[in-house]
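Trainee: Have a look at the structure that comes next, please.
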Amino acid sequence: MKYMMLIHQGSTPTPQDPEAWGRLSQDEQQAVFAAYKALNETPGVTPGVQMQPPETATTVRVQDGRTLTTDGPFVEVKESIGGYFFFEADDLDAAIDVASRVPASSMGGAVEVRPLVEW
Amino acid sequence: MTPLEQAFRDDRGRVLAALIGFLGDFDLAEEAVQESFTIAAERWPRDGVPTNPGAWLVTTARNRAIDRIRRDRTLATKTRLLEVTEATEDDMIPTTFPDERLELIFTCCHPALAVDAQVALTLRTLGGMSTEDIARAFLVPAPTMAQRLVRAKRKIKAAGIPFRVPPDHLLPDRLDAVLAVVYLIFNEGYSSGGGLAGEALQLGRALAQLMPDEPEVQGLLALMLLLDARREARFRDGELVLLADQDPTLLDATEVAEGRETLDRAFALQGRGPYVVQAAIASLHADEPRDWAQIAALYGELARITDSPVVELNRAVAVAESEGPQAGLDIVEGLGLDDYRYFHATRGELLTRLGRPGEAREAFQRALALVHEDAERRLLEQRLAALGSPQGSH
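Sequence order for the protein chains is A and B.
The numbering used here applies: residue 1 is where the first sequence begins, and numbers increase by one.
The numbering used here applies: residue 1 is where the second sequence begins, and numbers increase by one.
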């Protein structure tokens, strides 16, 4: 089974928000980096590329042939995707286990485990 | 009962579990099992009943499924059957086949499925209930229930929910989920007096047999048996009867005995979890006269495990019996259960006993406003009528 792991940061402090990030102790910051490093080295994980924060997103719609753009992500900033990676494993239990080790899932965000269509 | 009816009752769950395990596909397995029973209905009366009806049904269902897949090659690419070589109708019928009902129930009760889907799927696959019957039991339109089942089965396949008994590190949580589903089914049947309680008991018995060393599994079965033993005593002329007013001679003695035997097994396994403690309480309730002090103590233990104000409310009732209504009311008043009808009903009872009818009436009226079931409504109305008309109040 192949899964796309969508990371919703929610209220998780990230380095992209220096103020919130700064409220974490050095040890806590190190633990976040260590957790992501461990994830990226987990067999079956294909890391995603890093995304700029959702505030930098532009949302595009086409109406009556006209391209309309709005500033910001399609969903609320708080609900939008902050990152992703791919995971290949035997079953959903393995994916749930990996998702629970993503720092966001225990720091105010959540991880959506989305199975991929396989041909 | 014909041999076929008996096989349907005794073996259907096992046969379906074996097919789901083999095919990795709920729908295909259900169709194949259905077909194997249809073939049995033709052949058994003509050719005689096979020595092992269950194994015969599994083999026949497998062969049918394989035929179907051969006819539909695109489907074959999506099932585990690619790994399977040739199989023919005149395969030797094995004398036994693996019992995979545990794998099936853990799959149906996987936490990635919504609880109402877990319940529906468990009743459909292990209970063998029709979609229409499940819909009726849960007061949901049949198409809604059908949709719920379709979505759950699709998710199991698409999301890769495993067909297995969870490994040790996941087992405690997953087993809790399974037991919760079985108990939920039981309670749905118990409160309405419907047939779901029997389904839950059957599931409980199967689990107790498949996991003989899990004290909470034994505890849940003991609890359900001891509660079900009150089935006749709980209703009088269609009206709900309070535990304290139930006629002890109406208890089902066989079920009480079986429940207590099962409870002893749970104790022997060092069980002291929430189902075991609740079963111990239910067992004490089957004694006359009741040991209310002991019941109160067990509710205290249960409250510590579950941290639940509802359990505290039950403890208050037991304390009221052993130490008097004021001691019970003292516990009740500290509980923040304003939206819970039994909170107000219990207050009403205790205030009545303390000779405070005005406050009691108010409490019963609040309970009545929260009730949504006829039998319970009538009981509360009787309680209110017994208090007489309000004197000098508004």
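Virtual Cβ for every residue (Gly too), placed ideally from N, Cα, C.
Per DSSP, which one or two residues make a beta bridge with A:Arg61?
Mentor: Against the first sequence, residue 61 of chain A aligns to sequence position 61. A:Leu68, per the DSSP bridge assignment.
Trainee: Buried or exposed: where does B:Asp25 fall if 16 or more other Cβ atoms within 10 Å of its Cβ makes it buried?
Mentor: Within the second sequence, numbered from 1, the residue matching residue 25 of chain B stands at position 25. Looking at its Cβ environment, which holds 16 or more other Cβ atoms inside 10 Å, B:Asp25 is buried.
Trainee: In terms of residue numbering, what span does the beta strand (DSSP E) encompassing A:Val111 cover?
Mentor: Position 111 of the first sequence, counted from the first residue, corresponds to residue 111 of chain A. Where A:Val111 is concerned, the enclosing beta strand (DSSP E) stretches over 110–115.
Trainee: Could you check what DSSP says for A:Pro47 in three-state terms: helix, strand or coil?
Mentor: In the first sequence, the residue the question calls residue 47 of chain A occupies position 47. Strand at A:Pro47.
Trainee: Going along the chain, which residues of the region 168–182 of chain B sit with their C-beta nearer than 8 Å to a C-beta in chain A?
Mentor: Per Cβ criterion, the list reads Leu170.
Trainee: Does the beta carbon of B:Ile20 come closer than 8 Å to any beta carbon on chain A?
Mentor: By one-based count along the second sequence, residue 20 of chain B stands at place 20. Judged by the 8 Å Cβ criterion, B:Ile20 is not in contact with chain A.
Trainee: Is the region 69–79 of chain A touching the region 39–47 of chain A, taking contact as three or more C-beta pairs under 8 Å?
Mentor: As far as the Cβ criterion goes, the region 69–79 of chain A does not touch the region 39–47 of chain A, which means the pair count is below three.
Trainee: From B:Leu284, B:Ile281, B:Pro166, B:Gly336, pick the residue whose C-alpha is nearest to that of A:Leu92; which is it?
Mentor: Taking the first residue of the first sequence as position 1, residue 92 of chain A is located at position 92. Residue B:Pro166 is the option with its Cα nearest to A:Leu92.
Trainee: Name the one or two DSSP bridge partners that B:Arg236 has.
Mentor: Against the second sequence, residue 236 of chain B aligns to sequence position 236. Per DSSP, B:Glu239.
Trainee: Which residue's Cα is closest to the Cα of B:Ala233: B:Met224, B:Leu225, B:Leu223, B:Asp245?
Mentor: Against the second sequence, residue 233 of chain B aligns to sequence position 233. With distances taken between Cα atoms, B:Ala233 lies closest to B:Asp245.
Trainee: Residues of chain B with CB under 8 Å from A:Pro115, in chain order?
Mentor: To locate residue 115 of chain A, count along the first sequence from 1; it is residue 115. Near A:Pro115 (Cβ distances below 8 Å), the residues of chain B are Ala158, Ala159, Gly160.
Trainee: Under 8 Å, do B:Glu132 and B:Ala120 count as touching if we go by C-beta distance?
Mentor: As a first step, residue 132 of chain B is located in the second sequence; it is residue number 132 there, counting from the start. As a first step, residue 120 of chain B is located in the second sequence; it is residue number 120 there, counting from the start. Not closer than 8 Å, so no.
Trainee: Taking all protein chains shown into account, decide if B:Ala55 is buried (16 or more other Cβ within 10 angstroms of its Cβ) or exposed.
Mentor: Your numbering for residue 55 of chain B matches position 55 in the second sequence. Buried, since its Cβ has 16 or more Cβ neighbours within 10 Å.
Trainee: Buried or exposed: where does B:Asn314 fall if 16 or more other Cβ atoms within 10 Å of its Cβ makes it buried?
Mentor: Here residue 314 of chain B refers to the residue found at position 314 of the second sequence. Answer is buried; the Cβ neighbour count reaches 16.
Trainee: Assuming the contact rule is C-beta atoms closer than 8 Å, B:Val276 and B:Pro215 should be a hit. Round their C-beta distance to whole Å, please.
Mentor: The residue you call residue 276 of chain B lines up with position 276 of the second sequence. The residue you call residue 215 of chain B lines up with position 215 of the second sequence. About 6 Å separates the two Cβ atoms, so the contact holds.
Trainee: Would you check if the distance between the CB atom of B:Leu302 and the CB atom of B:Val311 is smaller than 8 Å?
Mentor: The residue you call residue 302 of chain B lines up with position 302 of the second sequence. The residue you call residue 311 of chain B lines up with position 311 of the second sequence. Taking 8 Å as the Cβ cut-off, B:Leu302 and B:Val311 qualify as a contacting pair.
Trainee: Kindly indicate if chain A contains any beta-carbon less than 8 Å away from that of B:Ala112.
Mentor: Along the second sequence, one-based indexing puts residue 112 of chain B at 112. So yes, B:Ala112 belongs to the interface.
Trainee: Is the region 20–38 of chain B touching the region 57–71 of chain B in the sense that three or more CB pairs, one from each, lie closer than 8 Å?
Mentor: The answer is yes - the region 20–38 of chain B touches the region 57–71 of chain B, with three or more Cβ pairs under 8 Å.
Trainee: What do you get for B:Glu406, buried or exposed, if any count of 16 or more other CB atoms within 10 angstroms of its CB means buried?
Mentor: Residue 406 of chain B falls outside the range modelled here, since chain B spans only 1 to 394, and no answer is possible.
Trainee: Which residue from B:Ala367, B:Gly336, B:Ala327, B:Pro172 puts its Cα closest to that of B:His110?
Mentor: Translated into positions along the second sequence, residue 110 of chain B becomes position 110. It is B:Pro172.
Trainee: Any contact between the region 2–10 of chain B and the region 34–41 of chain A? By contact I mean 3 or more CB pairs, one from each, below 8 Å.
Mentor: No, they do not touch.
Trainee: So, with DSSP's three-state summary, where would you put B:Leu19?
Mentor: Translated into the one-based positions of the second sequence, residue 19 of chain B becomes position 19. Correct three-state label for B:Leu19: helix.
Trainee: With respect to the beta strand (DSSP E) encompassing A:Phe86, which residues constitute its N-terminal and C-terminal limits?
Mentor: The count along the first sequence starts at 1 and reaches residue 86 of chain A at position 86. Its beta strand (DSSP E) spans residues 81–88.
Trainee: Which same chain residues end up closer than 7 Å to B:Leu380 when comparing Cβ atoms and leaving out the 5 residues on each side of it in sequence?
Mentor: Working through the second sequence from its first residue, we reach residue 380 of chain B at position 380. Correct list, in chain order: Ala345, Phe364, Ala367, Leu368, Val371.
Trainee: Return the CA-CA distance between B:Ala114 and B:Leu149, expressed in angstroms with no decimal places.
Mentor: The residue you call residue 114 of chain B lines up with position 114 of the second sequence. The residue you call residue 149 of chain B lines up with position 149 of the second sequence. Spanning the two alpha carbons is a distance of roughly 11 Å.
Trainee: Where in the region 20–58 of chain B do unbroken runs of the alpha helix (DSSP H), each at least 4 residues long, occur, reported from the N-terminal end onward?
Mentor: Qualifying alpha helix (DSSP H) stretches, in chain order: 26–47.
Trainee: For B:Gln278, count the other beta carbons within 10 Å of its own beta carbon; 16 or more makes it buried, fewer makes it exposed. Which is it?
Mentor: Your numbering for residue 278 of chain B matches position 278 in the second sequence. So B:Gln278 ends up on the buried side.
Trainee: With H, G and I counted as helix, E and B as strand and the rest as coil, what does DSSP make of B:Leu370?
Mentor: For the purposes of this step, residue 370 of chain B is taken as residue 370 along the second sequence, with counting starting at 1. The answer is helix: DSSP assigns B:Leu370 an H, G or I state.
Trainee: Check whether chain B comes within 8 Å of A:Leu92, counting only Cβ atoms and requiring the distance to be less than that.
Mentor: Looking up residue 92 of chain A in the first sequence gives position 92. Yes, A:Leu92 counts as interfacial toward chain B.
Trainee: Would you please state the rounded distance, in angstroms, between the beta carbons of B:Leu101 and B:Ala17? I believe it to be under 8 Å.
Mentor: Within the second sequence, the letter at position 101 stands for residue 101 of chain B. Within the second sequence, the letter at position 17 stands for residue 17 of chain B. Leu is not the amino acid found at residue 101 of chain B; the sequence shown has Arg there. Confirmed, Cβ separation roughly 5 Å.
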